[in-house]
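For the protein sequence lines, the chains are Z and H, in the order given. Everything in the first sequence is counted per the working numbering, starting at 3 for the first residue and increasing by one. Everything in the second sequence is counted per the working numbering, starting at 3 for the first residue and increasing by one. Quick notes on the structure that follows.
Protein chains: 2
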Amino acid sequence: MEVGKLLEEQLSRRGLLKGAGSLAGAAGIAALATGGLGIFSSAEAKGGPTEKWPWPYVKLDPATTAEIAYEEWYRVFCGAAVINSIFSQLQEKVGEPYRSFPVDAFKFLEGGMSAWGTVCGSNAGANVVTNVIIGPSLKGASEDGMLMGSEMMQWYSDAQMPVYTPKKPRVTAEIPKTTANSPLCHVSVGKWMKASGKPLGSAERKDRCARVTASVAYHTVELLNDWKDGQYKTRGALPAKSFNIPAQSNCMDCHGSNIPTPPLAKK
Amino acid sequence: MEVGKLLEEQLSRRGLLKGAGSLAGAAGIAALATGGLGIFSSAEAKGGPTEKWPWPYVKLDPATTAEIAYEEWYRVFCGAAVINSIFSQLQEKVGEPYRSFPVDAFKFLEGGMSAWGTVCGSNAGANVVTNVIIGPSLKGASEDGMLMGSEMMQWYSDAQMPVYTPKKPRVTAEIPKTTANSPLCHVSVGKWMKASGKPLGSAERKDRCARVTASVAYHTVELLNDWKDGQYKTRGALPAKSFNIPAQSNCMDCHGSNIPTPPLAKK
Numbered sequence: 003m004e005v006g007k008l009l010e011e012q013l014s015r016r017g018l019l020k021g022a023g024s025l026a027g028a029a030g031i032a033a034l035a036t037g038g039l040g041i042f043s044s045a046e047a048k049g050g051p052t053e054k055w056p057w058p059y060v061k062l063d064p065a066t067t068a069e070i071a072y073e074e075w076y077r078v079f080c081g082a083a084v085i086n087s088i089f090s091q092l093q094e095k096v097g098e099p100y101r102s103f104p105v106d107a108f109k110f111l112e113g114g115m116s117a118w119g120t121v122c123g124s125n126a127g128a129n130v131v132t133n134v135i136i137g138p139s140l141k142g143a144s145e146d147g148m149l150m151g152s153e154m155m156q157w158y159s160d161a162q163m164p165v166y167t168p169k170k171p172r173v174t175a176e177i178p179k180t181t182a183n184s185p186l187c188h189v190s191v192g193k194w195m196k197a198s199g200k201p202l203g204s205a206e207r208k209d210r211c212a213r214v215t216a217s218v219a220y221h222t223v224e225l226l227n228d229w230k231d232g233q234y235k236t237r238g239a240l241p242a243k244s245f246n247i248p249a250q251s252n253c254m255d256c257h258g259s260n261i262p263t264p265p266l267a268k269k
Numbered sequence: 003m004e005v006g007k008l009l010e011e012q013l014s015r016r017g018l019l020k021g022a023g024s025l026a027g028a029a030g031i032a033a034l035a036t037g038g039l040g041i042f043s044s045a046e047a048k049g050g051p052t053e054k055w056p057w058p059y060v061k062l063d064p065a066t067t068a069e070i071a072y073e074e075w076y077r078v079f080c081g082a083a084v085i086n087s088i089f090s091q092l093q094e095k096v097g098e099p100y101r102s103f104p105v106d107a108f109k110f111l112e113g114g115m116s117a118w119g120t121v122c123g124s125n126a127g128a129n130v131v132t133n134v135i136i137g138p139s140l141k142g143a144s145e146d147g148m149l150m151g152s153e154m155m156q157w158y159s160d161a162q163m164p165v166y167t168p169k170k171p172r173v174t175a176e177i178p179k180t181t182a183n184s185p186l187c188h189v190s191v192g193k194w195m196k197a198s199g200k201p202l203g204s205a206e207r208k209d210r211c212a213r214v215t216a217s218v219a220y221h222t223v224e225l226l227n228d229w230k231d232g233q234y235k236t237r238g239a240l241p242a243k244s245f246n247i248p249a250q251s252n253c254m255d256c257h258g259s260n261i262p263t264p265p266l267a268k269k
């Protein structure tokens, strides 16, 4: 995991290392170079019957998964649709413990969690999937579940969304593509609504979010298939280690040029 | 559910109805008064073996739950700690389907999801709990799970955090209290770090987040106990219906006085 290199690239690309955020950014890089702040310590599992990881996984077809996710959006919206697009297939092909996972309960991830516009439900759903399958980063365990979820959020932030076009779209009008530069529902949907001029209740907005959901399901399966083949090398990072606060990397989107410097540990 | 009244109060309290956001706010209230935009349509359950709701619940002691959550934070951090503070007791008192729920997999909720600073993990954990127990708002089903999760996010946003003081705190120094005015980790932790001057890696910041986790677990159980008694009347709302975009109600925190008006449906 080349966290330092990846984050340095991201920071540089967004102008943070050259701009107003350089102090926080540079301090973050420095902290990372010395092994991070160690804010996320190891933890030990308690070990319920389904808490043995990784869960058995068989490789899935990304396009088939995306099509299921697209249709599921119209039943349970983004978060539960991503989870069910993958778990419904594994319930058939593998069985337990997938059959006992209450997927539909995650319908609340819609609209960035109960319509609050926080993390996009498709990102939250992808994180549920990667962490439930690969497992949590408990003491001595792989961090790949969390890092793959983080990688999905970065991919989502950078992508021209929606990436995936369903085989039989419910809306045939052209759906504009926008880049959120953020994993948040409010930012992602807001930028798309601004570009398209379409309201939240429009058929186009709904189909856009169904396609985003399909796009996330598709790429999640691509990464899981790589992992199953032993070929997964994460591009995910834990941003708190670099920013000295849990954070997205689009600081200026909210802070403008007045990015605060978090209190730092004394040397 | 007095969504309109509650949101009107919130909007008024934050000055949105009088300020730059009045157009979006007023339009939202108007849309709500006519029954909302109907963006969240009904959905039908598929019905796996654990997808029968509500899950059996017995009333729990809020303080006992908070103490478990506080200790669990030091093992699996905020999100999984809230879930496990409640589910570990129900695994003992009720058994299945709680025993088959892979709680530890939700460790990734830490730091606002993989340290990205999105929704605070304790809020996400509370939403997982209320929705897994009460069930999703599928066709013909109660919306109380999602609305209780939403109520928790509003309560969290408004609270002087941390509310709960553990019986045997690991850190005995005074922990400042701050109001996040947001359900997001980045905002909540950032405002606390600014007020306290303590860095992310400090013992004080860690204990503050453990106490926030305990506070959220405590209040979640209070609401669930009311619900078990048939006394739950939600104070939660689905903000997208009022704002015409999934959103928090602290618009000015990011937008300043330049709050965009989302595209609206033609009358």
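Think of the CB as a built atom: it goes at the ideal place given N, C-alpha and C, for glycine as much as any other residue. A quick note: this is a predicted structure, and the numbers were derived from the prediction, not measured.
- Counting only Cβ-Cβ distances below 7 Å, Thr120(H) has contacts in chain Z at Thr120, Val121, Pro185 and Leu186, in chain order.
- What Val173(Z) touches in chain H, judged by beta-carbon distance under 7 Å, is nothing: the nearest beta carbon there is about 15 Å away.
- Sequence-distant partners of Pro56(H) (beyond 5 residues in either direction) whose C-beta falls short of 7 Å from its own C-beta, in its chain, are Ile135, Ile136 and Gly137.
- Annotation for Ser190(H): the continuous alpha helix (DSSP H) segment containing it runs Cys187 to Ser198.
- Closer than 8 Å to the CB of Ser139(H) there is at least one CB belonging to chain Z.
- Excluding five sequence positions before and after Gln93(Z), the CB atoms of its chain that fall closer than 8 Å to its own CB belong to Tyr100 and Arg101, given in chain order.
- Ala197(H) sits exposed, since fewer than 16 C-beta atoms from the chains shown fall within 10 Å of its C-beta.
- Listed by position along chain Z, the residues whose Cβ is nearer than 9 Å to that of Asn252(H) form an empty set, because the closest Cβ is around 11 Å away.
- Here the region 188-195 of chain H makes no contact with the region 232-242 of chain H; the two share fewer than three CB pairs at distances below 8 Å.
- Thr167(Z) is the residue among Val96(Z), Glu53(Z), Thr167(Z) and Val60(Z) whose C-alpha sits nearest the C-alpha of Arg210(Z).
- Between the region 73-86 of chain Z and the region 115-127 of chain H, the count of C-beta pairs closer than 8 Å stays below three; the two stretches do not touch.
- Residues of chain H with a Cβ closer than 8 Å to the Cβ of Glu94(Z) do not exist; the shortest Cβ-Cβ separation is about 12 Å.
- Gly49(H) is classed as exposed because its beta carbon has fewer than 16 other beta carbons within 10 Å across all chains shown.
- Sixteen is the threshold: since fewer than 16 other Cβ atoms of the shown chains lie within 10 Å of the Cβ of Glu176(Z), the residue is exposed.
- Within the same chain, and ignoring the five residues on either side of Leu225(Z) in sequence, the residues whose Cβ sits closer than 6 Å to its Cβ are Met150.
- Segment contact: the region 80-92 of chain Z against the region 103-110 of chain H, fewer than three CB-CB distances shorter than 8 Å; contact not assigned.
- At a cut-off of 8 Å, the C-beta of Asp106(H) has a neighbouring C-beta in chain Z.
- Annotated as distal: Ala182(H) and Ala242(Z), with beta-carbon spacing of 8 Å or more.
- If you check each beta-carbon in the region 198-225 of chain H against every beta-carbon of chain Z, the ones closer than 9 Å belong to Ser198, Gly199, Lys200, Pro201, Leu202, Gly203, Ser204, Arg207 and Lys208.
- DSSP places Ser152(Z) inside the alpha helix (DSSP H), whose first and last residues are Asp146 to Asp160.
- At a cut-off of 8 Å between beta-carbon atoms, Ala242(Z) makes contact with chain H.
- Around the beta carbon of Asp231(Z), fewer than 16 other beta carbons lie within 10 angstroms, which makes this residue exposed.
- Taking the Cβ atoms as the reference, Pro265(Z) lies roughly 5 Å from Pro201(H), within the contact range of under 8 Å.
- Under DSSP, the beta-bridge partners assigned to Val121(Z) are Leu186(Z).
- In the three-state DSSP reduction, Met115(Z) falls in the coil class, being neither helix nor strand.
- For Met148(Z), a Cβ of chain H is located within less than 8 Å of the residue's own Cβ.
- Leaving aside the five residues that flank Gln91(H) on each side, the residues in its chain whose CB is nearer than 8 Å to its CB run, in chain order, Leu62, Thr66, Thr67 and Ile70.
- A straight-line Cα-Cα distance of about 12 Å links Pro262(H) and Ala249(H).
- Put simply, the CB of Pro265(Z) is near chain H, with a gap under 8 Å to one of its CB atoms.
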